[in-house]
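Notes to accompany the following structure.
Numbering (UniProt numbering), first residue to last: 1 to 86.
Printed below as a string of structure tokens:
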């Protein structure tokens, strides 16, 4: 299991464009990928609406957990995606 914590820096929080990029990145991996924010947990492969439905704002802290055969690559790729997009 690989996990990382990220603080949202985008002043608009998680909105459609970056959410789409993150969901696309999550779909590249075989591992199970969970995102926890505001006391709720979603499967990042579950689609963009699950992610947008969390209402994540600038300054919110999220945790991403990857478990599976390519968990290290998934965690590294998703962390980079969050840094690039949010």
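Where is the CB? At the ideal position from N, CA and C, for every residue including glycine.
8 Å contact criterion, which residue i and residue j should meet: CB distance rounded
i, j, result
"residue 8", "residue 59", "6 Å"
Pair within 8 Å by beta-carbon distance, residue i and residue j
i, j, result
"residue 14", "residue 42", "no"
"residue 33", "residue 51", "no"
"residue 78", "residue 64", "yes"
"residue 67", "residue 31", "yes"
Per-residue DSSP class, three states only, for residue i
i, result
"residue 51", "helix"
"residue 86", "coil"
"residue 45", "helix"
"residue 79", "helix"
"residue 92", "One cannot answer for residue 92 here, as it falls past the ends of the chain, which runs 1 to 86."
"residue 38", "coil"
"residue 56", "coil"
"residue 62", "strand"
Alpha-carbon spacing of residue i relative to residue j, whole angstroms
i, j, result
"residue 20", "residue 61", "19 Å"
"residue 1", "residue 38", "21 Å"
"residue 48", "residue 25", "12 Å"
"residue 74", "residue 29", "6 Å"
"residue 36", "residue 69", "21 Å"
"residue 71", "residue 5", "15 Å"
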